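S.K.: Pasting a structure below so you can have a look.
Number of protein chains: 2
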Amino acid sequence: MSYVAPQKYHIKVRLYNEEIAFGKGIAQILELVELHGSLAAAYKEMGMSSSKAWKILQRAEADLGFPLLKSVSGGAHGGGTEVTPEGKELVEKYRQFEAQVQECAANAFASIFR
Amino acid sequence: MSYVAPQKYHIKVRLYNEEIAFGKGIAQILELVELHGSLAAAYKEMGMSSSKAWKILQRAEADLGFPLLKSVSGGAHGGGTEVTPEGKELVEKYRQFEAQVQECAANAFASIFR
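Written as structure tokens, this is what we have:
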């Protein structure tokens, strides 16, 4: 058995201040909350438990220092949950960051392992 | 509390064929085996258990399809463990890949979050 280059790679991108706080999972939760207007709808679509979703949300808000979600009452949908403007900005920038890192990784992988 | 950009990021880089198999930990084990000529010296320096070290080594070799370590007997050091040529090539390429990804990430983070 001689060297054969691995065929795949995986890159995990996370953001934080003091403790690893914001990654792919919470970004997806926030995107689904924006889509559905409901946290329960978001974590259910991800197959995530309520307690897990709350835990990662609270840990992220504590580390980031601003709220990611807010409750809305009344209105056409009879209330629900929304992503805060700060949360939307963070998700957008996280996705930009992740996309740039993944693009670099694809180029580097091709040049080194192909 | 308004948006404040997170100050730090973390990028995890792993290689595999079928299952996540090769990352920072095993790369460090192999580098320390090269340094010390002993697997025990390597995992002890990392504060890793023997069973954990063997588990990730066996899982990686099974997924990669080539051996990462070989036993050597006799010689000046009275035998020990060496990294195979294939293992050395993989570690070198993993470090190149990781370095390029981290450099991209540093630039992207600075442009998006600073």
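So the protein sequences, as listed, match chains F and A.
So in this note's numbering, spot 85 of the first sequence is number 85, and the numbers just go up one at a time.
So in this note's numbering, spot 1 of the second sequence is number 1001, and the numbers just go up one at a time.
Ideal Cβ positions, reconstructed from N, Cα and C, are used throughout, including at glycine.
Keep in mind the model is a prediction, meaning the values are calculated, not measured.
1) How far does the beta strand (DSSP E) with residue 1014 of chain A in it reach, from first residue to last?
2) Could you check which residue in A:1050, A:1047 and A:1039 has the C-alpha nearest to that of residue 1068 of chain A?
3) Which residues in the same chain have their Cβ closer than 8 Å to the Cβ of residue 12 of chain F, if we skip the five residues on either side of it in sequence?
4) Answer yes or no: do residue 1006 of chain A and residue 1113 of chain A have a C-beta to C-beta separation smaller than 9 Å?
5) Can you name the start and end residues of the beta strand (DSSP E) that residue 71 of chain F belongs to?
6) Secondary structure at residue 4 of chain F, three-state DSSP: helix, strand or coil?
7) From this set, F:3, F:14 and F:4, which residue's C-alpha is nearest residue 1008 of chain A's C-alpha?
8) For the alpha helix (DSSP H) that contains residue 1021 of chain A, what are its first and last residues?
9) Give the interface partners of residue 101 of chain F over in chain A, defined as CB-CB distance under 7 Å, in chain order.
10) Just how far apart, CA to CA, sit residue 79 of chain F and residue 1028 of chain A?
11) Taking C-alpha atoms, which residue in F:10, F:42 and F:90 lies nearest to residue 60 of chain F?
12) Taking the straight line between their C-alpha atoms, what separation do you get for residue 65 of chain F and residue 1103 of chain A?
13) Who are the near neighbours of residue 87 of chain F in its chain, counting only those whose CB is closer than 6 Å to its CB and skipping five residues on each side?
M.R.: Considering the structure as presented:
1) 1008-1016
2) A:1039
3) 23 and 24
4) yes
5) Residues 69-72.
6) coil
7) F:14
8) Segment 1020-1022 is the beta strand (DSSP E) holding residue 1021 of chain A; no alpha helix (DSSP H) there.
9) Result: 1011, 1101, 1104, 1105 and 1108.
10) Cα to Cα, the separation comes out at about 51 Å.
11) That would be F:90, whose Cα lies nearest to the Cα of residue 60 of chain F.
12) 27 Å
13) Excluding residues within five positions, the ones whose Cβ falls inside 6 Å are 30 and 68.
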